[in-house]
Amino acid sequence: MKKTKNLIEKSENKEDIVLTIPALLELQKQIEEISRNINNQVVNNLFFNIEDVMKMTGWSRKTVEELFRHPEFPSTDLGKKQLVLKTAFINFFSVKRKSSERNTWINNQ
Numbered sequence: 001m002k003k004t005k006n007l008i009e010k011s012e013n014k015e016d017i018v019l020t021i022p023a024l025l026e027l028q029k030q031i032e033e034i035s036r037n038i039n040n041q042v043v044n045n046l047f048f049n050i051e052d053v054m055k056m057t058g059w060s061r062k063t064v065e066e067l068f069r070h071p072e073f074p075s076t077d078l079g080k081k082q083l084v085l086k087t088a089f090i091n092f093f094s095v096k097r098k099s100s101e102r103n104t105w106i107n108n109q
C-alpha cells in the first residue's frame, strides 16, 4: 500500500480504501461538528419548515409536502412558508398510527 498526502492509503485493489487512524479521527471530528450544527439549528427553532422535516425524517420533498397539506397535520402558512410548531410536530407523531392503513397520517385509535 502507498501512503498519500491526505492520510489515505491506497491498496492495489481499486475497491479498497484504507484510512489511517489520524484520518479517521479527523473524519470523526468533522462528522461531530456537522451533527452539532444540525442539532443546534433544529433545537433552536420554534417552528419547523418543510426542509427541516425532510432532514429529520429522511423523507422526500413530495412526501413532506403531502404531510403538510393533510388536514390533520398541524401546519400553518406564514406568508409563502409552510410551518409547523415544534411542539405540535412532536405531539402529532407521538400518537400511534398504523402504517398498514392506506393513509398513515390519519390517527387510527
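First residue of the sequence shown: 1, per my numbering; consecutive thereafter. Beta carbons are placed, not taken as given, at the ideal position from N, Cα and C, and that holds for glycine. All of these numbers come straight from a predicted model, not from anything done at the bench.
CB of Leu-46 within 8 Å of CB of Leu-85, strictly: On the sequence shown, position 46 is the one that residue 46 refers to. On the sequence shown, position 85 is the one that residue 85 refers to. Cβ distance < 8 Å, so Leu-46 and Leu-85 count as in contact.
Residue closest to Phe-89, alpha-carbon to alpha-carbon, out of Ile-31, Asp-77, Phe-68: Looking up residue 89 in the sequence shown gives position 89. Answer by Cα proximity: Phe-68.
Where Asp-52 falls, given that 16 or more other Cβ within 10 Å makes a residue buried: Here residue 52 refers to the residue found at position 52 of the sequence shown. That one is buried.
Sequence-distant residues of its chain with Cβ nearer than 8 Å to Ile-50 (five each side left out): The residue labelled residue 50 in the question sits at position 50 within the sequence shown. Here the set comprises Arg-61, Val-64, Glu-65, Phe-68, Gln-82.
Selection from Gln-30, Val-18, Glu-72 that minimises the alpha carbon distance to Asn-91: The count along the sequence shown starts at 1 and reaches residue 91 at position 91. Ranking Gln-30, Val-18, Glu-72 by Cα distance to Asn-91 puts Glu-72 first.
DSSP beta-bridge partners of Lys-81: As a first step, residue 81 must be located in the sequence shown, where it is residue number 81. Per DSSP, Leu-78.
Between the CA atoms of Ile-34 and Val-95 - distance to the nearest angstrom: Numbered from 1 along the sequence shown, position 95 holds the residue referred to as residue 95. Numbered from 1 along the sequence shown, position 34 holds the residue referred to as residue 34. Taking the straight line from one Cα to the other gives about 30 Å.
For Asn-49: DSSP bridge partner residues: On the sequence shown, residue 49 is found 49 positions in, with the first residue counted as 1. Its beta-bridge partners are Leu-83.
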